[in-house]
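A.B. asks: So the sequence shown is residues 2 to 91, counted in the numbering used here.
Beta carbons: idealized from backbone N, C-alpha and C, even for Gly.
Quick one: the structure is below, and I'll ask about it shortly.
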Amino acid sequence: MALPIYLLGLRGSGKSTLGRALASRQRALFVDLDDLTASLLKCPTPAEALNKHGQAAFRAAELKALGSPGVARAKVVALGGGTPTAPGAP
């Protein structure tokens with residue numbers, strides 16, 4: 002079984018675009034951590050989630066999303082640009 006691929010880069014660098022394309026090509030499950038985090042915070046977009054809930058709450062939800070079953074099953078994961086800065090991030 003192949004190891005999952007985690008895409009990390011600056012905001013707007015193309016992680017989500019590359020991740021979707023790679024997952025499609027490999028017929029694999031793709032997860033965008035920013036989108037999953039926004040969903041956990043019940044917001045339609047990551048930008049709205051960050052604006053509405055603030056940096057600390059967004060990073061806490063991001064860490065929760067990172068440990069979720071959906072991410073564990075994914076073969077391609079686009080991390081958020083700030084994921085490495087979240088307190089407790091691996």
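Suppose you measure from the CA of P85 to the CA of A62; what does that come to, to the nearest Å?
C.D. replies: Taking the first residue of the sequence shown as position 1, residue 85 is located at position 84. Taking the first residue of the sequence shown as position 1, residue 62 is located at position 61. Distance between the alpha carbons of P85 and A62 is about 14 angstroms.
A.B. asks: With distance defined between alpha-carbon atoms, name the residue in A22, V32, K53 nearest to G68.
C.D. replies: Position 67 of the sequence shown holds residue 68. Answer by Cα proximity: V32.
A.B. asks: Contact between the segment 48-62 and the segment 6-23: three or more CB pairs below 8 angstroms?
C.D. replies: No, the segment 48-62 does not touch the segment 6-23.
A.B. asks: Between R74 and the rest of its own chain, which residues show a CB-CB distance below 7 angstroms, the 5 nearest in sequence each way excluded?
C.D. replies: Along the sequence shown, read from residue 1 onward, the residue named residue 74 stands at position 73. So the list reads L30, once near-sequence residues are dropped.
A.B. asks: Based on Cα-Cα distance, which residue from L41, K76, E49, V77 lies nearest to L64?
C.D. replies: Numbered from 1 along the sequence shown, position 63 holds the residue referred to as residue 64. Residue L41 is the option with its Cα nearest to L64.
A.B. asks: For the segment 11-43, which segments carrying the alpha helix (DSSP H) assignment without a break, of at least 4 residues, lie completely within its bounds, in sequence order?
C.D. replies: Listed in chain order, the complete alpha helix (DSSP H) runs (minimum 4 residues) inside the segment 11-43 are 16-27, 34-41.
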